[in-house]
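Chemist: The opening position of the sequence shown corresponds to residue 1373 in the numbering used here, with each subsequent residue numbered one higher. Even for Gly, the Cβ is constructed at its ideal location relative to N, Cα and C.
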Amino acid sequence: MTAADRVYQIIKKRILDGQYPAGSYVREAIIGQELELSRTPIREALRRLVSDGWVEAIPHHGARVVAWTQRDVEEVFELRVLLEPQVVRRAAPRINAEQLAALDDLAEQMEVLCESGDDASVDEIAELNNRFHAELVAAADSPRLQRLLETIVQIPVSRRSFHRYTRSELHGSMQHHSELIRALSLGDGEWAASVMRTHILAARAAQLRPAACDEEVGEPVLRRRLHRA
1373 MTAADRVYQI
1383 IKKRILDGQY
1393 PAGSYVREAI
1403 IGQELELSRT
1413 PIREALRRLV
1423 SDGWVEAIPH
1433 HGARVVAWTQ
1443 RDVEEVFELR
1453 VLLEPQVVRR
1463 AAPRINAEQL
1473 AALDDLAEQM
1483 EVLCESGDDA
1493 SVDEIAELNN
1503 RFHAELVAAA
1513 DSPRLQRLLE
1523 TIVQIPVSRR
1533 SFHRYTRSEL
1543 HGSMQHHSEL
1553 IRALSLGDGE
1563 WAASVMRTHI
1573 LAARAAQLRP
1583 AACDEEVGEP
1593 VLRRRLHRA
């Protein structure tokens, strides 16, 4: 792991833990002094965090943690639950063998990582999940839907959902992927749309669950278990 990778992971973990709350600034000088690093790897890490949507670059001020209100998140999921079932409904009669194979490969990789349960694995699952959904959009062959989703779906919302999942919720998400592939392989758009709706509503429930309820859902939330280890 490079110095920039280490800084990236540390800052992202602190955002997820709430040590860097939404709207706060991540100061290069403070991070550098704390970690005894030059500004070069810190700036590289911050550029990655900006690219991934965790922080935003504010001219003459620095890097600020992106603020997402509950209302913002609710609106994103309301739109996703309308649009993404339509994506797979369109994809069902259009998807080809190569695209199905790509989806199957991505789903298999996520299932393997799901067994690991460490912080890095959750991040890898989130990245593979983004690719999985992008493959579905490509199969739908609708530039309009693609443009809408690129505007609406924000990576941090997706990634934070995975960090809020319990282990059983994460496995449930993997099962949704498998069922989606089965529905698409049979060309059944309505079945695929139904599964996608369930998939997004499950992610919404995990994302919007109050933090105070995390210890009451029957098992430790992945984010808490991992970050306390």
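List in chain order: all unbroken alpha helix (DSSP H) runs of 4+ residues lying wholly within the region 1398-1474.
Modeler: Entirely contained in the region 1398-1474, the alpha helix (DSSP H) runs reaching 4 residues are, in chain order, 1400-1407, 1411-1423 and 1442-1463.
Chemist: What is the DSSP secondary structure of T1374, reduced to helix, strand or coil?
Modeler: coil
Chemist: Since L1421 and I1383 are thought to touch, with beta carbons under 8 Å apart, how far apart are those beta carbons, to the nearest angstrom?
Modeler: 6 Å
Chemist: Does the distance from the CB of P1457 to the CB of A1555 come in under 7 Å?
Modeler: no
Chemist: Between the region 1469-1484 and the region 1499-1511, do three or more beta carbon pairs fall short of 8 Å?
Modeler: yes
Chemist: Should E1400 and R1411 be called a contact, given that it needs their Cβ atoms to be closer than 7 Å?
Modeler: Yes; because the gap between Cβ atoms is below 7 Å, this pair is in contact.
Chemist: If I'm right that V1438 touches A1394 with Cβ under 8 Å, what's the distance once you round it to whole angstroms?
Modeler: 7 Å
Chemist: My understanding is that Q1579 touches V1379, with C-beta atoms under 8 Å, so please give their C-beta distance in whole angstroms.
Modeler: With a Cβ gap of about 26 Å, Q1579 and V1379 do not count as contacting.
Chemist: Quick one: what's T1523 bridged to in DSSP?
Modeler: Note: T1523 sits in no beta bridge, so no partner.
Chemist: Round the Cβ separation of A1463 and L1508 to the nearest angstrom and send it over; I've been treating them as touching at under 8 Å.
Modeler: 6 Å
Chemist: Where G1404 and L1418 are concerned, what is the direct C-alpha to C-alpha distance, given to the nearest angstrom?
Modeler: Whole-angstrom Cα-Cα distance: 12 Å.
Chemist: In the DSSP assignment, find the unbroken alpha helix (DSSP H) run with E1562 in it and report its ends.
Modeler: G1561 to L1580
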